[in-house]
Amino acid sequence: MSNLQFFKACIANEFQATKSILDAMPNDQLSYRPHPVNRSAREIAEHIMAHVYDMDIILREKICDERMTYPFQHAAEAAEQLEMLWERMKKSADMCTEERWEREPVELLVNGKSFVTLPCSQMMWFFFFDLRSEEHTSE
């Protein structure tokens, strides 16, 4: 199994867990913070969704200007939007070649400024593990 195939298996397994977190968010608790220094439930959801959006860009483009949030109106919309974003990202992963995955660099911009340039695979794993840490923060 190649690294790309393993990544695809990981994101397939991760989707339901991630979506179940958003499905479980009550609308009246979106501003909940376990502590004043923590992000709210809404902010965590917006960040997770933004990462999935960015992962799709990373798989298709040479430059990704990181999107910090992906706003939504209510919790049910967040779960629906996540599913749409995830499906788009999975399609891009299916279209990604082993050559692109292993060798082609992707530049990550933060607020329009260069942050890091990594091969597509390394950038995707970077985002994947950050996404996982957000999920565990929200549990």
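Note that my numbering has the sequence shown beginning at 48, numbered continuously upward. C-beta atoms are modelled at their ideal positions from N, C-alpha and C, and glycine is treated no differently.
Query	Result
Euclidean distance between Cα positions of Ala97 and Pro73	20 Å
Same chain only: Cβ atoms within 7 Å of Ala126, ignoring 5 sequence neighbours per side	Lys66, Leu69, Asp70
Enclosing beta strand (DSSP E) for Ser161 [first to last residue]	160-166
Segments assigned beta strand (DSSP E), at least 3 residues, entirely inside the stretch 65-108	none
Straight-line Cα distance separating Leu77 from Ala122	8 Å
Rounded straight-line distance, which links the Cα of Arg89 to that of Glu124	12 Å
Test item: CB-CB of Thr144 and Val153 under 8 Å	no
Neighbourhood of Leu156 by C-beta distance below 6 Å, restricted to the same chain and skipping five residues each side	Asp112
Residue nearest to Ile114 in terms of C-alpha spacing, selected from Tyr100, Phe54, Cys57	Checking the displayed sequence, the identity of residue 114 turns out to be Arg instead of Ile. Selected option, being the one with the closest Cα: Tyr100.
Coil, strand or helix - Cys143 by DSSP	coil
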